[in-house]
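**Q**
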Amino acid sequence: MATSSPVATGVGASSGAIPFLLLVQGTEQTRVPLERTPFGIGRKTDKDLVIADPRVSRDHAQIVLEGSDLWLVDLGSKHGTFVNGNRVERHLLKRNDRLEFGARDRVYVVFQPDQPEAAAAREFLSQISVMNMPSPGGVPSGAGDLEKLKLFLEAARKLNTSGVVDEVLVTLIDTTLRITHAERGFVFLRAQDKEGTLRLAAGRNSRGELLLDDKTISHSILEDALKGGGEFLVTDTSKSMELASRNSIVAYDLRTVIAIPLRKTQLQQEKAVTSVEAKAPEVLGVLYLDSRFASREITAVSHDILRAIATEAAALVENANLVQAEAAARQYQQELAIAASIQQRLMTVTIPDVPFAAVRAKNLSCREIGGDFYDVVLTDQGLAVIVCDVCGKGVSAAILGSIIQGMVYSQLTAHTSLVDIAAAANKFLCLKSLGEKYATLVIAHIRRDGTLEFVNCGHVTPLLISGNTVTRPKESNLPVGLLPMATYESGTMKVDPGDRLIVVTDGVTEAENPSGEFFGNERLEKSSTAASPFDQIFEDVKEFCGPVPFNDDCTVLELTYKG
65 MATSSPVATG VGASSGAIPF LLLVQGTEQT RVPLERTPFG IGRKTDKDLV IADPRVSRDH
125 AQIVLEGSDL WLVDLGSKHG TFVNGNRVER HLLKRNDRLE FGARDRVYVV FQPDQPEAAA
185 AREFLSQISV MNMPSPGGVP SGAGDLEKLK LFLEAARKLN TSGVVDEVLV TLIDTTLRIT
245 HAERGFVFLR AQDKEGTLRL AAGRNSRGEL LLDDKTISHS ILEDALKGGG EFLVTDTSKS
305 MELASRNSIV AYDLRTVIAI PLRKTQLQQE KAVTSVEAKA PEVLGVLYLD SRFASREITA
365 VSHDILRAIA TEAAALVENA NLVQAEAAAR QYQQELAIAA SIQQRLMTVT IPDVPFAAVR
425 AKNLSCREIG GDFYDVVLTD QGLAVIVCDV CGKGVSAAIL GSIIQGMVYS QLTAHTSLVD
485 IAAAANKFLC LKSLGEKYAT LVIAHIRRDG TLEFVNCGHV TPLLISGNTV TRPKESNLPV
545 GLLPMATYES GTMKVDPGDR LIVVTDGVTE AENPSGEFFG NERLEKSSTA ASPFDQIFED
605 VKEFCGPVPF NDDCTVLELT YKG
């Protein structure tokens, strides 16, 4: 039997806030807290949210908590579950998402992840709103409201949370309605995507009621304001033949319409523009107001005040976008750190202690996670070592490296030949159509009697050190994952006690100094003849590069046969 869990999310589970659904039925609005999950929605009376409509299924949908996120899940309903007009099976809930369950346009729900920061800001901003702002003689009454609004916006920017932005957008509308004496106000923001579509961010009427539906506004005027070069201001639509004939103006009897683009400030625009070409200021959204009567007061409102409102609001929106981008960057870095930790644990190698051979190996990643890896596997016949370098860097290379490591390990323990292991890895990667993702690979297997077999798949040629003599086995094949018809051959040799096999990735040979010169094969061979080649290679590479950071992962493995 499934059990419900309490919800404390903002939507972060540690915040202690309770998100809620705003149930809208006609003119009635009911706040329904999401106090547990799964949160059932349907026609049955035992549901957490009961919607008594024949088009709503008995078990229609549910809201579930996954990690710190809330998801809306359709339960196979007959007439569908919709989010912002689109039918969904699963949807990650976001602030102001409009949810409809079968009975579209009759009943709908708006999701609100109520945040503690927003609640605190709401109280703080409400205290500012009741302040008595002195109005010097001769200053229009709207000037005091504008000063209040600036305090709101300044406070919001200092509080610096997304919940505060939502509260201040409502305050922006309230103050602008008082200044203009319009009946309704909406703020539309441009989505941060290629299409740049407008979404309703906040709506309010002159009675202080939230407006969640923008179907009765003039969308054509909204688009005109978005595309136009300046403010769009109409005091009486009946005096404009072109406007008076528009469908929404006629259908909803709109007489006063104001639509003001929220544009980036000149300083913000200069920071955003990298080319020397002059560009039109970017439009972040639109402040829209309308009334069903011709407002005389609107003519008394200074265009400078309306322009100032738009400028302050645009600054707030841009700040919110930056805060959101910074939050996303922080989350990405946290996820990257987690991925790096997982990779490090996956790539942790316990080197077996055997009497006939010794292995030393080390990997230096140039990023948090990389595509190089090494492994050491004890087999029934001897000891196998693997060094791999996946094309590319970062997360995708790390994932592919983990897959290859698992494949090679499992086949080595199953006594598969080195040639067959390479062929299987190549076939697997080619079948998966990974584009330009391939890997170079060396697998070497040393037996107790000193027989060394290896297969080189497009990798930096290994070095065999015997005394002061350095040789490079010539046997080589194509990288795995490059060509599906590739065939693979191995090489075999007999080594003596004290002989060493050194395998490096190209991050070593292609390490650069400040002059852009590569470390190269000659320096690598010289370092390999030292008394302790493993330590000497890293020391020489670091000294060669100096202040220049590694531009690729560096891996060095040393296999010594002891006899």
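Residues in the sequence shown are numbered from 65 upward in steps of one, following my numbering.
The beta-carbon is built from N, C-alpha and C at its ideal position, and this holds for glycine as well.
Computed from a predicted model, the values in this text were never measured in an experiment.
(1) Pairs of beta-carbons, one from the region 556-563 and one from the region 504-522, closer than 8 Å: are there three or more?
(2) Quick one, which of S530, Y352, F608, D570 has its alpha-carbon nearest S592's?
(3) Return the chain-ordered list of same chain residues with a C-beta closer than 6 Å to the C-beta of D453, the five sequence neighbours on each side being excluded.
(4) Would you check if the distance between the CB atom of A534 and the CB atom of V451 is smaller than 8 Å?
(5) Can you tell me whether D110 is buried or exposed? The criterion is at least 16 other CB atoms within 10 Å of its CB, across all chains shown.
(6) Could you check whether Q176 and R159 sit closer than 8 Å to each other, using their CB atoms as the reference points?
(7) DSSP state of E376, grouped into three classes?
(8) Among L129, A389, K626, L588, which has the Cα closest to the Cα of E603?
(9) Report back the beta-carbon spacing between F252 and G149 to the nearest angstrom; my notes put them in contact at under 8 Å.
(10) Determine the direct distance from the alpha carbon of Y473 to that of L528, and round the result to whole angstroms.
(11) Checking 8 Å against the spacing of the C-beta atoms, do L623 and V413 come in under that value?
(12) Anyone know if the C-beta pair for Q475 and I463 falls short of 8 Å?
(13) I think A255 touches L233, with their Cβ atoms under 8 Å apart; what is that distance to the nearest whole Å?
(14) Take P611 and list the residues in its own chain whose beta-carbon comes closer than 8 Å to its own, dropping the five residues that flank it on each side.
(15) Can you give me the C-alpha to C-alpha distance between L134 and Q397, rounded to a whole angstrom?
(16) What does the alpha-carbon distance come out to for the pair D560 and C494?
(17) Counting along the chain, where does the alpha helix (DSSP H) carrying I82 start and finish?
(18) Assuming G456 is part of the beta strand (DSSP E), what are its boundary residues?
(19) In whole angstroms, give me the CA-to-CA distance for S284 and L275.
(20) In terms of residues, what are the limits of the alpha helix (DSSP H) holding G571?
(21) Would you mind sorting R271 into buried or exposed? The rule is 16 or more other CB atoms within 10 Å of its CB.
(22) How many Å lie between D617 and I237 at the Cα?
(23) Following the continuous beta strand (DSSP E) through K558, name the residue where it begins and the one where it ends.
(24) Using a Cβ-Cβ cut-off of 6 Å (strictly less than) and excluding sequence neighbours within five positions of Y172, which residues of its own chain qualify?
(25) Assuming G106 and H143 are in contact, meaning their beta carbons sit under 8 Å apart, how far apart are those beta carbons, in whole angstroms?
(26) Determine the direct distance from the alpha carbon of G522 to that of Y438, and round the result to whole angstroms.
(27) What does the alpha-carbon distance come out to for the pair E607 and F492?
(28) Could you check the C-alpha separation between I281 and A246 for me, to the nearest Å?
(29) Thinking C-alpha only, which one of P97, I510, T551 is nearest P419?
(30) Taking the straight line between their C-alpha atoms, what separation do you get for R263 and I322?
(31) Out of R512, E581, T619, V544, state which residue places its alpha-carbon closest to the alpha-carbon of Y625.
**A** Checking against the coordinates, here is how it stands:
(1) yes
(2) S530
(3) D436, T504, T569
(4) Sequence inspection shows Val at residue 534; the Ala mentioned does not correspond to that position. Taking 8 Å as the Cβ cut-off, V534 and V451 do not qualify as a contacting pair.
(5) exposed
(6) yes
(7) helix
(8) L588
(9) Actually they do not touch by this definition, with Cβ atoms about 16 Å apart.
(10) 24 Å
(11) no
(12) no
(13) Rounded, the Cβ-Cβ distance is 15 Å, inconsistent with contact.
(14) P578
(15) 22 Å
(16) 38 Å
(17) Element bounds for I82: n/a, residue is neither H nor E.
(18) G456 -> no beta strand (DSSP E), and no H or E assigned at all.
(19) 19 Å
(20) 570-573
(21) exposed
(22) 54 Å
(23) 555-558
(24) V88, R162, E164
(25) Their Cβ separation, rounded to whole angstroms, is 12 Å, which puts G106 and H143 out of contact at 8 Å.
(26) 16 Å
(27) 40 Å
(28) 13 Å
(29) I510
(30) 18 Å
(31) R512
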